[in-house]
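Numbering (the working numbering), first residue to last: 50 to 181.
Just so it is clear, CB atoms sit at the ideal spot from N, CA and C, and this is done for glycine as well.
Taking it in order: structure first as structure tokens, then the write-up.
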């Protein structure tokens with residue numbers, strides 16, 4: 050409380066070797082960047098400054114529920130989701146597209162932008178009134 054990102058990270062920087070893995074994209078491909086604990090603290094501070102995150106109003110239970118299906122609220126109007134999949138080659142870790150409906154409705158999602166390989170039928174989202 051009241052610490053700068055650098056002050057918050059300092060006690061952890063003294064631990065050798067660091068027990069903290071760098072944060073990265075959770076895909077199966079090799080990472081082309083890694084974020085340190087300090088990078089994450091700086092991002093959290095910036096998000097709080099911009100009003101995207103409020104320590105006092107954070108709903109930890111909702112965060113955990115969304116995390117379970119791979120949803121992260123990046124800012125008030127942008128969600129990032131683990132790529133859904135369906136069909137016989139669906140990876141075990143990939144949620145079915147329908148798992149996102151409740152979160153999308155709660156958050157008022159109206160548009161879906163796919164950034165990964167097509168592993169589901171876009172009609173699943175279009176039939177629910179979303180633009181794709």
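Is residue i helix, strand or coil by DSSP?
{"i": "residue 164", "result": "coil"}
{"i": "residue 72", "result": "strand"}
In chain order, what residues of the same chain have a beta carbon less than 6 Å from the beta carbon of residue i, not counting five sequence neighbours either side?
{"i": "residue 135", "result": "145 and 169"}
{"i": "residue 86", "result": "58, 61 and 69"}
{"i": "residue 122", "result": "128"}
{"i": "residue 161", "result": "174, 179 and 181"}
Going along the chain, which residues of its own chain have a beta-carbon closer than 7 Å to the beta-carbon of residue i, five neighbours each way excluded?
{"i": "residue 90", "result": "54, 57 and 58"}
{"i": "residue 119", "result": "130, 131 and 144"}
Can you name the start and end residues of the alpha helix (DSSP H) that residue i belongs to?
{"i": "residue 172", "result": "172 to 175"}
{"i": "residue 54", "result": "54 to 62"}
Name, in chain order, the residues that DSSP records as bridge partners for residue i.
{"i": "residue 87", "result": "BP columns for residue 87 are empty, so no partner."}
Going by beta carbon distance, what residues of the same chain come within less than 8 Å of residue i, once the five residues before and after it are set aside?
{"i": "residue 142", "result": "131"}
message: Please give me, in chain order, every unbroken run of the beta strand (DSSP E) with length at least 3 that falls completely inside the segment 92 to 163.
response: 120 to 124 and 127 to 130
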